[in-house]
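Under the working numbering, the residue at position 100 of the sequence shown is numbered 103, and the numbers go up by one with no gaps.
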Amino acid sequence: MTHLATPHMVTQRQGRVINMSAVAGKAYCDIVAAHYAATKAGLIGLTRPWAAELGEYDVTVNALAPGRISTPLLKSVPKAINDAVAQVTALRRPGSSPAKCWTWPVGG
4 MTHLATPHMV TQRQGRVINM SAVAGKAYCD IVAAHYAATK AGLIGLTRPW AAELGEYDVT
64 VNALAPGRIS TPLLKSVPKA INDAVAQVTA LRRPGSSPAK CWTWPVGG
């Protein structure tokens, strides 16, 4: 998707790319599946050079890396795994999702 969208952003000399990664891509955790962590780390790894390459065209590229959030999918994970992940999490529990949408204004 980035490959298809960024040429238009470069032509317009403006644009924003926001990649959805996860904290699993930033920190080692032997509980998380290796393929998941590697994919998220790879996305973070792509974000940096894209930001450097596209910045001169006023196109910003960033990655969001949320932690573990309590969702219906998380309930399907075995309790032993959820408990183990909680032990390496600052709050010792998954985050909650009180809203369906967030907006963080960022200047710069």
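Ideal placement from N, C-alpha and C gives every residue a C-beta, glycine not left out.
Legend entry - Beta-carbon gap between Y39 and A30 smaller than 9 Å: no
Legend entry - For T63, the residue or residues it bridges with in DSSP: R19
Inset, instruction - Could you check how far apart the C-beta atoms of P97 and L77 are, in whole angstroms? I think they sit under 8 Å. - result: 6 Å
Legend entry - Inter-stretch contact at 8 Å, needing at least 3 Cβ pairs: the region 10-26 / the region 58-75: Yes, they touch.
Inset, instruction - Please go through the same chain and pick out, in chain order, the residues whose beta-carbon is closer than 6 Å to the beta-carbon of A89, but skip the five residues on each side of it. - result: Closer than 6 Å at the Cβ level, and outside the excluded window around A89, lie R95 and R96.
Legend entry - Distance, S99 Cα to A86 Cα: Checking the displayed sequence, the identity of residue 86 turns out to be Asp instead of Ala. When rounded, the distance between both Cα atoms is 16 Å.
Inset, instruction - Please state whether DSSP places G98 in a helix, a strand or coil. - result: If DSSP states are grouped into helix, strand and coil, G98 belongs with the strands.
Legend entry - According to DSSP, residues forming a beta bridge with I72: DSSP output for I72 lists G98 as bridge partner(s).
Legend entry - Residues near A8 by beta carbon distance below 8 Å, same chain, minus five either side: Cβ-Cβ distances below 8 Å link A8 to G18 and V20 in the same chain, with the five nearest sequence neighbours on each side left out; the list follows chain order.
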